[in-house]
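Have a look at the structure below before the remarks.
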Amino acid sequence: MNVIQPIAAPGKPAAATLGLVDVDIHPRADSMAAFKPYLSARWWEYLNTYGIRARHGFTGGQPPFPKAQPLACRRDAWPPTGGTPASDLDFLRFQLLDNYGVDVGVLNPLQPSGQGDRNNGFSAAMAHAVNEWQLEAWLRKEPRLRGSVVVPYEDGAASAAEIRKRAGDPNFCQVLMMSRTGEPAGNPRYWPIYEAAAEAGLPVAFHAFGYSGWAMTNGGWPSFYTEEVSEHATSCQNQVTSLVVEGVFERIPKLKVVLIECGFGWLPAVGWRLDKHWKHLKAEVPHLKRAPSEYIRDHIWVSTQPMEEPERGQHLADIMEWIGWDRILFATDYPHWDFDDPRAAMPGFLSAERRAAIYGGNAKALYGF
Amino acid sequence: MSKVIVAPVGEFPPGERKLVEADGKRIVVFNLDGEYFALLDRCPHQGGSLCAGAISGHVESSSPGEYHYSRRGEMVRCPWHYWEFDIRTGKSWFDPKRVQVRQFKAAVEPGAALVEGPYQAETFPVRVEDHYVVVEA
Chain A
1 MNVIQPIAAP
11 GKPAAATLGL
21 VDVDIHPRAD
31 SMAAFKPYLS
41 ARWWEYLNTY
51 GIRARHGFTG
61 GQPPFPKAQP
71 LACRRDAWPP
81 TGGTPASDLD
91 FLRFQLLDNY
101 GVDVGVLNPL
111 QPSGQGDRNN
121 GFSAAMAHAV
131 NEWQLEAWLR
141 KEPRLRGSVV
151 VPYEDGAASA
161 AEIRKRAGDP
171 NFCQVLMMSR
181 TGEPAGNPRY
191 WPIYEAAAEA
201 GLPVAFHAFG
211 YSGWAMTNGG
221 WPSFYTEEVS
231 EHATSCQNQV
241 TSLVVEGVFE
251 RIPKLKVVLI
261 ECGFGWLPAV
271 GWRLDKHWKH
281 LKAEVPHLKR
291 APSEYIRDHI
301 WVSTQPMEEP
311 ERGQHLADIM
321 EWIGWDRILF
331 ATDYPHWDFD
341 DPRAAMPGFL
351 SAERRAAIYG
361 GNAKALYGF
Chain B
1 MSKVIVAPVG
11 EFPPGERKLV
21 EADGKRIVVF
31 NLDGEYFALL
41 DRCPHQGGSL
51 CAGAISGHVE
61 SSSPGEYHYS
71 RRGEMVRCPW
81 HYWEFDIRTG
91 KSWFDPKRVQ
101 VRQFKAAVEP
111 GAALVEGPYQ
121 AETFPVRVED
131 HYVVVEA
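Put into structure tokens, the structure is as follows:
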């Protein structure tokens, strides 16, 4: 029988002594009209005529798999004033920021973001509009929130231009990409994104998902949503492998990469396997000056939600140790259905010092909050 | 222990649920075709409010490709992570022995027995001629 805990009063988790930073919040707009002020007449008309178009066929711009809950959201996240989850700033304050004592929350807009649209020109215009919307609807109204610069990532030059527009604006704390891009993320076509981000001092986050036309498993199209969510791990593995092996971190030493919602149990094994092959195949990739796992250790951060939950807590602690205690960032994924409650999701078997680092210390060091 | 009057029977139709507070606990009460069941309104996983969860039936499978849907309306799913619980027992679907929601006794009692107190029913008057759903917390 599980232990029944009393309903907790609002407030920060006691162990969050270095503050609570939530690196994964998904704001929504109730209507496309929210973006109209930030789109030119040409692109507004285009949006109304053709809509958002992912690179997946037959999806109408929508994710191809239905999610477990409506809009993939917590059923209690619909604001009492109407509208969809995380569309109402006051309710987001009430249910998330105030309820848990979040000091800094990072917005990762997903739908719409303009990212990965089949029309590169529209992708750039829509991403720009979503960034302006973040500023006006969220960031200028709520000092605890920071935005992610969404970019039309299939167009490296246009993405770099959008990043440079945001450089130096403290409202934005990172650049956002998706874990399934048109080509592996280390491909030179994406380098302008990483160069601009590093120049601006912004980490680049890869969030799970991305409808690039590729199937969400290496074996093709799966039958179940359970498979899709589990395969986020493999979608991120190939991004990490590509970034390392293409020499992106050798070329851009200041680049910092954050993997959001992709789990992390797999990351040490990918590093070990890359190291093994690198020893034999150095001549193929002479631009790699160090063991692949060293690039991973120096350049990559991960978010907690959804954490692997092995039967024995020590196994999770081992994985965290291998990744690095300073590399793990807390995330709720609010308002999505697989939300992690800050007071319940942190493994109690970790030391107070490590819990504090994961809750807030690591994110503050990474983002400079 | 305290007893709380949830609602007059006539105002608590089958398929509905009501949230009450008793002894400092939030308790959700379900009406399954005239039978009443009360569970702590807190998912044992991370604390989602079961009162906000979807109600469904029970899906079982003897082998891949086959399924059996039964007990329509007798399972509640956490509004967060979709953990499923049997409304009749509070037991979880995936690990009924180890993961359970605490259950409370729910019953129907005549108003005549309740007017004497010491019961909490602050929001409506109790009438001797009515029957009421009562939870013991």
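Here the protein sequences come in this chain order: A and B.
With the UniProt record's numbering applied, the first sequence covers 1 to 369.
With the UniProt record's numbering applied, the second sequence covers 1 to 137.
For glycine and all other residues, C-beta sits at the position ideal for the given N, C-alpha and C.
Every value quoted in this text rests on a predicted model; they were computed, and no experiment measured them.
Sequence-distant partners of Val270/A (beyond 5 residues in either direction) whose C-beta falls short of 8 Å from its own C-beta, in its chain, are Gln237, Val240, Thr241, Ile296. When the five nearest sequence neighbours on each side are left out, the beta carbons in the same chain lying within less than 6 Å of the beta carbon of Leu18/A are those of Ala356, Gly360, Gly361, in order along the chain. Membership of Ala356/A in the alpha helix (DSSP H) is indicated by the continuous run 352-356.
For Gln46/B, the residues of chain A that pass the 9 Å Cβ criterion are Phe339, Asp340, Asp341, Arg343, Ala344, Ala345, in the order they occur in the chain. In this model, Ser235/A and Ala208/A are separated by some 8 Å (Cα to Cα). Bridge pairing for Asp22/A: Gly105/A [DSSP]. Here the C-alpha atom of Lys36/A lies approximately 14 Å from the C-alpha atom of Ile52/A. Ala317/A sits in a helix when the DSSP states are folded into three classes. A Cβ of chain B is located within less than 7 Å of the beta carbon of Arg75/A. In the structure shown, Val245/A falls within a helical segment according to DSSP collapsed to helix, strand and coil. Under a criterion of Cβ atoms nearer than 8 Å, no residue of chain A is adjacent to Tyr69/B; the nearest Cβ is some 17 Å distant. The C-alpha of Leu96/A is placed about 13 Å away from the C-alpha of Ser87/A. As a beta-bridge residue in DSSP terms, Asp86/B pairs with Met75/B.
C-alpha of Pro8/B to C-alpha of Val29/B: approximately 13 Å in a straight line. A distance of 7 Å or more separates the beta carbons of Arg77/B and Gly57/B. Of the other Cβ atoms in all chains shown, 16 or more fall within 10 Å of the Cβ of Gln100/B; this residue is therefore buried.
Chain A places a beta carbon closer than 7 Å to that of Ala52/B, counting this residue as a contact.
Restricting attention to beta strand (DSSP E) runs no shorter than 3 residues, the segment 113-192 of chain A encloses them at 145-150, 172-178, ordered along the chain. The criterion of a C-beta distance shorter than 7 Å is not satisfied by Ala112/B and Val135/B. Annotation: Trp83/B has no Cβ neighbours in chain A at a cutoff of 7 Å; minimum Cβ distance is about 11 Å. Ser49/B belongs to the set of residues whose beta carbon lies under 7 Å from a beta carbon in chain A. Beyond the five residues adjoining it in sequence on each side, Tyr100/A comes within less than 6 Å, by CB distance, of Pro342 in the same chain, given in chain order. For Arg28/A, the closest alpha carbon among the candidates Leu288/A, Leu274/A, Gly82/A, His315/A is that of Gly82/A. Trp80/B reaches chain A at Arg74, Trp337, Phe339, counting residues in chain order whose Cβ is nearer than 7 Å. Listed in chain order, the non-local C-beta contacts of Ala137/A below 8 Å within the same chain comprise Pro27, Ala29, Ala34, Leu89, local neighbours out to five positions each way being set aside.
Per the coordinates, the alpha-carbon of Gln134/A lies some 42 Å from the alpha-carbon of Asp95/B. In the three-state reduction of the DSSP assignment, Trp93/B falls in the coil class, being assigned neither a helical nor a strand state.
A direct Cα-Cα distance of roughly 37 Å separates Glu199/A from Gly11/A. Lys165/A is the residue among Gly156/A, Arg140/A, Lys165/A, Asp155/A whose C-alpha sits nearest the C-alpha of Val149/A.
Here Thr217/A has Glu231 as same chain residues with Cβ atoms under 6 Å from its own Cβ, once five neighbours each way along the sequence are excluded. By the Cβ rule, the segment 77-91 of chain B counts as touching the segment 50-65 of chain B, because three or more pairs are nearer than 8 Å. Runs of the alpha helix (DSSP H) spanning 4 or more residues and lying entirely within the segment 291-340 of chain A occur at 292-299, 313-323, in chain order. Under the three-state reduction of DSSP, Leu97/A is assigned to helix.
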